Each structure stands twice: as structure tokens, then as C-alpha cells.
Amino acid sequence: MIRLGVVGANGKMGSEVVNLALNNNDFELFCAVDKFGAGKKIAENVIVEVDLKEALVKRKPDIVVDFTQPSVIYDNIKIYMEQKVKSVIGTTGLTKAQIEEIEKMSKENNTGIIIAPNFSIGAILMMDFAARASKYFNNAEIIEYHHNQKKDAPSGTSIKTAQMMMKNNDNFKLGNCEETETIKGARGGNYEEDGKGNIQIHAVRMPGFVASQQVILGADGQVLKIHHDTINRSCYMSGVALAVNYLFKNNEFIYGLENII
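To convert, note that position 15 of the sequence shown is 832 in the working numbering; the numbers rise steadily by one, no gaps.
Below, the structure written as C-alpha cells:
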């Protein structure tokens, strides 16, 4: 049985992970950490703790699942590495430089970590399909839709999608005319790395959405749209369970759930 720690246990995603741990025979909820709700009992012998490092030292979980905030996730990961606790990271907002540094820390500390911008199997397939289609289309844009309480934009999923697409095509603006924005930001944000890629990403924040994404690819005479909708947060839990089980048996740095499905 895998002893599981949940960080951000009182949040919307953290609560789903707590329920997963309590209702999966492979897992035991071993500790819960959140800056809110200290002392709240959420399972037999498990109360919510505030101090992350203290909880890890005292409880010693096999794996921690982290759904917290972009403002704290990098510091949290450094603590996981220092304590040599494997972690599954669902919190988005990490920069490319931070992810590269985390990979280095993972190897130096011999501590596995999975960072996944999205845990929905359908969303992973959407990203994979978009990457495959990128070989055959000259232009592409991404529109991502989230609830209006999401703090980072664009989403980690849209960035990861763009990165996967760029492996098969290094310029998605072939044939475009020179553009002038009469309202700054009207064309969204241009995602590129070292001058390559050039994928416009548009971030919508609106009450009523959970998470959706559409990839639009174009070529002469045709448009392909690949769309995925998340209806509720429980759909992420099969991916979380997959990541936890994989990391329990392996000790690697992994960025993106597509690498283990």
C-alpha cells in the first residue's frame, strides 16, 4: 500500500485527491497539508497540518501529491527534494527555467518527480493528437478556457501542448501578413522558444468553466479543430492514480503524463 501525502488538501483538487486516497485500496492517506483548516480531521489519524517540512519529517509519506498555488510550488518542490520524498505535481505556473532546475535537483537528490500540467486522459490525447497533426498544418492557435479563479495564464496545459506541437513544426505563422494590434493583446500571447514555434495562445477566464481547450490548425482550404472539455474535477483522478503508481515503482524526473501512458 502506498502511503500518500496530499498538499493543498482543502482545495478543490486536493479534496479530490483526498477522496481518491480514501477510496483506493492501493493507497493510504498518510498526511495532509494546507495553510487553511489546520487541525481539521479528514480521516482516521489524519489531521490537516500547516508546516510542510514538519509534516514530511514526522509522517514520512512514500509520495506527495501537490495541488497548491503557483506562488509556492517551486519552494514546495525544493522541500520535497531536500527530504527525498517523491512527488506528483499538478500545480501549474512553473517556468521553463524552473522545470529545468527541478530536473537537475531530481537527479542530484535521486528523487523522482512527475510534473503534469493535466491529468485528464482525454486532455493528454488531445495534446498528442495536436502534436501529430502539426506535421501537416502551417498555422495553429490555441484557445484555453478556465474558471475565473485560476491564477496563472496561459494554462500549463496550453503551454505543454505548444511545446509538443513545436517538436513537429517550428513555425506556425507561415504566410501570415504583418499584423497591427489596435488593442494590445487582441491576438493573445505568442508562444515561442528561441524564435521558433510562434503559436498564439488565448486564455479565457469565465465563471462556469472548469477547464477546456481547443487547438485550431489551418492550411490552404482546410481547418482542423481538436477540442477537449473537462466537466468536473473527478476526471483527473485516474491520471493522478496512474502517476502515483508509476512513481512508486520508478525513480525518474518526468514532465508530462503523456510520457507514461
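Here a beta-carbon is modelled for each residue, glycine too, at the ideal position from N, C-alpha and C. None of the values given here were measured: they were computed from a predicted structure.
Residues of its chain near residue i, where Cβ-Cβ distance is below 8 Å and the 5 sequence neighbours each way are ignored
{"i": "K895", "result": "M922"}
{"i": "R998", "result": "The sequence shown places Glu at residue 998, rather than the Arg named in the question. R1004."}
{"i": "V867", "result": "V850, D851, K852 and A855"}
{"i": "I916", "result": "I932 and Y1072"}
{"i": "N841", "result": "A1058"}
Neighbourhood of residue i by C-beta distance below 7 Å, restricted to the same chain and skipping five residues each side
{"i": "R1050", "result": "K829, M830, E833 and V1027"}
{"i": "N965", "result": "R1022, M1023 and P1024"}
Minimum C-alpha distance to residue i - residue among the options
{"i": "D1011", "options": "H1019, G973 and N988", "result": "N988"}
{"i": "A979", "options": "C994, D969 and R949", "result": "R949"}
{"i": "S972", "options": "F954, Q1030, N993 and S888", "result": "Q1030"}
{"i": "V835", "options": "K870, N842, K875 and I859", "result": "I859"}
{"i": "L869", "options": "Y1008, K857, N893 and I1071", "result": "N893"}
{"i": "I932", "options": "S951, D1037, K977 and E899", "result": "K977"}
{"i": "A1058", "options": "G825, A826, N827 and F844", "result": "F844"}
{"i": "N993", "options": "A957, E871 and N1067", "result": "A957"}
{"i": "G907", "options": "Y891, F954 and E961", "result": "Y891"}
{"i": "A1020", "options": "H963, P887 and F1065", "result": "H963"}
{"i": "M967", "options": "N926, G910, N927 and D945", "result": "Looking at the sequence shown, residue 967 is not Met but Lys. When each option's Cα is compared against that of K967, the closest is G910."}
{"i": "N1040", "options": "E1075, N955 and D969", "result": "Checking the displayed sequence, the identity of residue 1040 turns out to be Val instead of Asn. Out of E1075, N955 and D969, N955 has the C-alpha closest to the C-alpha of V1040."}
{"i": "V1061", "options": "D945, N1015 and V902", "result": "V902"}
{"i": "K877", "options": "G825, M943, E899 and L991", "result": "E899"}
Neighbour-count burial assignment, residue i, 16 or more Cβ in a 10 Å radius
{"i": "S904", "result": "buried"}
{"i": "L1034", "result": "buried"}
{"i": "T1084", "result": "Nothing about residue 1084 can be reported from this structure: the residues present for the chain run from 818 to 1078 only."}
{"i": "P934", "result": "buried"}
{"i": "I1048", "result": "exposed"}
{"i": "M982", "result": "buried"}
{"i": "E961", "result": "buried"}
{"i": "D883", "result": "buried"}
{"i": "A838", "result": "buried"}
{"i": "G1038", "result": "exposed"}
{"i": "G929", "result": "buried"}
{"i": "V874", "result": "exposed"}
Residue i - containing alpha helix (DSSP H), residue span
{"i": "A940", "result": "I938 to A950"}
{"i": "Y891", "result": "I890 to E899"}
{"i": "K913", "result": "K913 to N926"}
{"i": "V867", "result": "Here V867 belongs to no alpha helix (DSSP H), and DSSP marks it neither H nor E."}
{"i": "A979", "result": "G973 to M983"}
{"i": "V835", "result": "K829 to N840"}
Residue i - containing beta strand (DSSP E), residue span
{"i": "S1051", "result": "Premise fails: S1051 is in no beta strand (DSSP E) and is neither H nor E."}
{"i": "Q1030", "result": "A1028 to A1036"}
{"i": "D883", "result": "I880 to D883"}
Contacts around residue i, its chain only, beta-carbon distance under 6 Å, and the 5 residues preceding and following it disregarded
{"i": "K952", "result": "N985"}
{"i": "I1018", "result": "I959, P971, S975, G1005, G1006 and Y1008"}
{"i": "D1125", "result": "This structure cannot speak to residue 1125, because the chain is shown only from 818 to 1078."}
{"i": "Y1053", "result": "F936 and S937"}
{"i": "A872", "result": "C848, V850 and E866"}
{"i": "I919", "result": "I894"}
- Validate contact between the region 856-872 and the region 1030-1045 using beta carbons, cut 8 Å, 3 pairs: no
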